[in-house]
Each structure stands twice: as C-alpha cells, then as structure tokens.
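Residue numbers (UniProt numbering): 1 to 601.
Here is the structure:
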C-alpha cells in the first residue's frame, strides 16, 4: 500500500545526544563577588574556613557562621554563601564603599518591594534543569537535531511549519490514503484526458475487484484465506497505530507548548525583576569607585538581559486560539535561544548570583538595623586591632556575654575546660574576616588595620597516616612560620590563633616547645596572635613580657564546689582545674571520680 511509505509527524531528529549536564550549584557559582575584582584580595585558607565553620558545620542542624550574618531568604542566597569564604581584602576604600552600600540597602529594599513579582527559585531551577540538563531536549521539543540543520531551529518560519505538521499529523495521516487515490484523477484532468469522477470511481471499483482487499470487502471475510486475512489485519492495525502515534505526538506537543509558554513567562518575569534590582543597585552604589569593575559587569549582563526580555515581552498567555497558533514558531525559537545561546546563559547565571548576593547584603543590613552587628573603622597608619563588646555569632538571638580584645599585646588565654577560651579566639577571627569583607562584624565597635594573612591552628587531626598528632601540630606551626618568614614585614600583617599548642606530646615538652615557638613569633612586629592553653607554666613564662599579655576566662568557685562559668575575659592566669566537674556532669562512675580526687590530694 502506498500510504504505508509516508509517516507523520515530521520529526527531523537524529538519535538523542547526551548533553553535558551543568551542576545546579553553577546557577550561582559562576558569579563573582565584588571583592573578587580587587587586586589586593587574599584567599581564606581552607584550614581557616573549616576551623571557623564559616560555611558548613559538622552538625547539620547547626547553622554556619555566614548564615547568622547573611540570614539567606532563598536558595540563590544560600548557594552564594560558599563564595564568601574565598577572599578578604586590605582595600580600605573598598571596605568603606561597602559600608556606604550597606547603609543604602534600605532604598534597595524599598525599591524591590515595589515589584509584585515573587521570585520562585525552585521553579527557575526546574526550568534551568530542563533546558541545560535534559540530554533529550531537541527530540522532546521537536527541534531539528542534525548538526548541519540546527541553524533552522532559529528560524521562526521553519519551526512554524514543523509545528503545523505535528499538530495536523492525525488528520493528515487519516486523509492521506484517500488523497493519494485522487491524485491520478487530478493528473488526468490536468492532462486534458476526458474523464468524469463517476467514470474514475468505476475504474477504481473494477481494480478493487481483482485485489484481495476489494474481494474481502465485497464478499466478506469468511471467504478469505487465512494468510490474506492476517495481512489485511496487519495493514489496518498499522494504519490505526500510525494514527494513534500521531495523536499522541500532537497531545504531547500541546503540553510541551503549554510548558514552554509557562517557562518563558517565568523567565521573562524574573529578568524584569532582576533588571529592576540591577538598576537600583547601580543607583545606590553610584559613588562606589572601588566597585567600578563590578558595575561594568552588571551593565554588560543587563544589556543582554534587556535584549532577551524585549524578544519575549510580547508573548501571549497560552490559549487554544488562532493567534497563539501563529505564534508557535516564534515561541519555539525563543525557547531554543534560551537553550543554546551562551551569552544569554552567562547573563542569566549572573542574574541568579546577583539575586543571591543582594539578598545576602539585605541580611547584613537587617542585622545592622537591629544592632546585632556594627560598622568598623579602619586605621591605615598604626598596627591596630581593637574589638569592643564582641560576641559569638550563634548567640545573636540570646543574651550573649560580650568581651573586648585589644592587640596592643599578643594574648594568651587560660581557663578550665568549657570556659569559653576557644570560642573567644574563634569569635575574634570570625569578626576580623567579616570586617575585612563587609566592614562590619558582631561587636559594638572595631578599629582595625587590615591583615594580609590569617592563620589557624585548631582541630589538628590525629590520622593513621605518616604523622602522629604531635608531628601534625609541629607541621602546622612550621607552615605558619614559613609563610611569615616568606613575606615582607613592611607590607604584610599576620593574625594567628592557636588552640592548645603541642597537646600531642607530654605536658613538660609541650610547655617548652610552646614557649620557644611563641617567643620566636613575638619578635615579629607584623604578627598578632592568640593562644589558648591549660598549661599554667606557659602563662607564667610570659608574665612580665612586653609583647604578650595573659588573660583568663573568669570562672567562679561556688560554695557547693561547682563552677560558675561567666565567659568574661579578664587579665590574669586561671588556676582553676575543671576537668573533674565535667566528668561529674557526664555521670562518670563514682569510683572514677573518687580516684581522681584522691590522686589530686
């Protein structure tokens, strides 16, 4: 049969090719924070980031430090947080410009509230995944997949024709056999051969009488041989199957067009929203000269977003209408541009990151308004680092104990276990990093000459590898010394924190090693450090030092023998032993507790 040779719908598709998937985190990962445009930026080491729990915690239920500062309100803002841990800066102009920007975030918030659009990050991620992760994208949405013909996917006319054929395929596949029967009659009439339609039908009937299908229709199926009956059923079944497939394809295309229309509407609304936010940002930060490179990128990506927005702004809502039907080719063209145009992709990724970044700034602004964080002042001339009434970010919603830190001298902090000394050095380092990124921190006031290097000696792992714990501790200290010795004393400043130096060896050798190390470190005028220790002998060695000051976390001995932790830092050396109290709190057996007490006596 002739009609078996032609099939609808028209799908010019090669076998689907697996398109490289784009990790969803890349929705914001390619966005560069303004600090990354600076020349005088310094990397936060992975060691420091991990020790301070800047963007992740061992306990999944606990928030990271940046969560308390930024208070992210949507997934884009959440995804942006790991980017903040990468750099801090010594550029005081930039830090002051950032302070001015944060002061103007009130205007940004008000302008943002003027737009009725509510950003749906999950919907945008769904759209992005469909466009960028779907390896069967071209086949699913009936685009041309042959490489030499892919340019036709940008042709409104070609896509309109393909859409028409796909939609009309059920009707065309049904009437095609009858149309093919009429072609000879039409050709004969064109050639001028005298023939009427009734004569043509008689000829067809005569031919049909000699064909097994015609005989079957004339005499009935009872007189047919079995093989001819099977053949007839096969042809009719194939014909009906073809109609079913075409109807299914048409139905699938109907839903795809509806989905594409919905996707483009969501992207259009997001782009309009993001352009509005970019314009507001450029206005409120117009005087931030240190942001000029970042501003240029905003303008460049804004232009691309405006271009694509203008191409889809007049797309009509989905409906079963002739006007919508005539728009199908253009609708598919725009969707393909969104899928394949790398310039639009880069600008949209920038917009995703920009929304995350500005939401982070809004979180900082909210904390500033609520007096949770405060601005810092910067001193370019003196080696200054003074933090007044600072506190640990996770305690922001409680009534935190606040402490002062003044680095006229380096600091050794002693206290019994759980006295708060490790939290103290972490708090100070976290606030220094926040200050050198955003010009503010969790304190009442701060005066700082920015540091070029920040070092951390916390949580030294005792692995089963080549190093013992003491070797790992010694290696970390040596790395810090090498970095300090490898930099110019005039152009660099180092801040170091050490938690229980050399605890991997016996107390006597640990005391000697720690004393020698701190004595060596204290000769560098461009280095500030904080050390926590249980070893009173180390504290006593530096009691009269001109460059190191002893502090203690104040702990009170109550009449009932228990300890009251005040978490206040005072000058002096702590001689309180609190380990036995912790054992009692953990309900150790009385036999063990009594043995400890007898040993102490």
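Where is the CB? At the ideal position from N, CA and C, for every residue including glycine. All figures in this text were calculated on a predicted structure; none of them were measured in a lab.
- Message: Between which residues of its own chain and residue 436 is the CB-CB distance below 8 Å, once the five residues before and five after are set aside?
- Response: Within its own chain, the residues whose Cβ lies closer than 8 Å to the Cβ of residue 436, once the five positions on either side in sequence are excluded, are 88, 89, 90, 95, 448, 450, 451, listed in chain order.
- Item | 8 Å Cβ shell around residue 597 - same chain, five flanking residues per side excluded | Around residue 597, the same chain offers 580 as residues with beta carbons nearer than 8 Å, after the five sequence neighbours per side are excluded.
- Message: By DSSP's criteria, residue 556 is part of a beta bridge. Which residues make up the other side?
- Response: Residue 556 pairs with 564.
- Query: The beta strand (DSSP E) with residue 388 in it runs from where to where?
  - Reply: Here the beta strand (DSSP E) through residue 388 covers 385-390.
- Query: How long is the line joining the alpha carbons of residue 27 and residue 396, rounded to whole angstroms?
  - Reply: So the two alpha carbons sit approximately 30 Å from each other.
- What are the boundary residues of the beta strand (DSSP E) that residue 612 is part of? Only positions 1 to 601 of the chain appear in the structure, and residue 612 is not among them; the question remains open.
- Message: Does residue 418 come out as helix, strand or coil in the three-state DSSP assignment?
- Response: Correct three-state label for residue 418: coil.
- Task: Run the CB neighbour count on residue 336, radius 10 Å, all protein chains shown included, and call it buried at 16 or more, exposed below.
- Result: Classification of residue 336: buried, given that the 10 Å Cβ count is 16 or more.
- Item | Enclosing beta strand (DSSP E) for residue 613 [first to last residue] | Examination of residue 613 is not possible in this model, given that the chain is present from 1 through 601 alone.
- Take the Cβ of residue 135 as the centre, count every other Cβ of all protein chains shown within 10 Å, and call the residue buried at 16 or more, exposed below. Exposed is the label assigned to residue 135, since fewer than 16 other Cβ atoms lie within 10 Å of its Cβ.
- Three or more C-beta pairs closer than 8 Å, one from the segment 308-318 and one from the segment 131-145: is that the case here? No, they do not touch.
- Whole angstroms is fine: what's the gap from residue 614's alpha carbon to residue 274's? One cannot answer for residue 614 here, as it falls past the ends of the chain, which runs 1 to 601.
- Task: Might you give, ordered along the chain, the residues of its own chain that have their beta carbon closer than 8 Å to the beta carbon of residue 324, omitting 5 neighbours on each side?
- Result: Within the same chain, residue 324 has close Cβ partners 316, 318.
- Message: Our contact map puts residue 104 next to residue 284 with C-beta atoms below 8 Å; I'd like the distance itself, whole angstroms only.
- Response: Right, their Cβ atoms sit about 4 Å apart.
- Among 164, 259, 254, which residue has its Cα nearest to the Cα of residue 131? Residue 259 is the option with its Cα nearest to residue 131.
- Item | Cut-off 7 Å between Cβ atoms - residues of its own chain near residue 400, not counting five sequence neighbours on either side | Counting only Cβ-Cβ distances below 7 Å, and skipping sequence neighbours, we find 391, 392.
- Those residues which DSSP pairs with residue 156 across a bridge: DSSP output for residue 156 lists no bridge partner at all.
- Query: Can you list, in chain order, the residues of its chain whose CB lies under 8 Å from that of residue 73, leaving out five sequence neighbours each side?
  - Reply: These residues qualify, in order along the chain: 359, 362, 363.
- Message: Applying the 10 Å Cβ sphere with the 16-neighbour rule, what's the burial state of residue 458?
- Response: Residue 458 is buried by the Cβ-count criterion.
- Message: Using only CA atoms, which one of 340, 375, 402 lies nearest to residue 570?
- Response: Ranked by Cα distance from residue 570, the options 340, 375, 402 are led by 402.
- Task: Would you grab the beta carbon distance between residue 100 and residue 329 for me? Rounded to a whole angstrom, and I think it's under 8 Å.
- Result: Their Cβ separation, rounded to whole angstroms, is 49 Å, which puts residue 100 and residue 329 out of contact at 8 Å.
- Item | Inside the segment 263-320 only - alpha helix (DSSP H) runs reaching at least 4 residues | Note on the segment 263-320: whole alpha helix (DSSP H) runs with a minimum of 4 residues are 292-312, in chain order.
- Message: Closest to residue 128 by C-alpha separation, out of 526, 498, 338, 538, would be which residue?
- Response: For residue 128, the nearest C-alpha among the options comes from 338.
- Query: So is residue 303 buried or exposed if we call it buried at 16+ other beta carbons inside 10 Å?
  - Reply: When all chains shown are included, residue 303 counts as exposed.
- Query: Could you give the residue range of the beta strand (DSSP E) that holds residue 447?
  - Reply: 445-448 is the extent of the beta strand (DSSP E) around residue 447.
- Message: Measuring only the C-alpha atoms, how far is residue 29 from residue 503?
- Response: Roughly 39 Å between the two C-alpha positions.
- What did DSSP end up calling residue 513 once you bin it into helix, strand or coil? It is helical.
- Item | residue 237, buried or exposed, once every other Cβ within 10 Å from all chains shown has been counted against 16 | In this structure residue 237 is exposed. Its beta-carbon is surrounded by fewer than 16 other beta-carbon atoms within 10 angstroms.
- Message: Using the three-state DSSP reduction, which class does residue 192 fall into: helix, strand or coil?
- Response: In this structure, residue 192 counts as coil in the three-state DSSP scheme.
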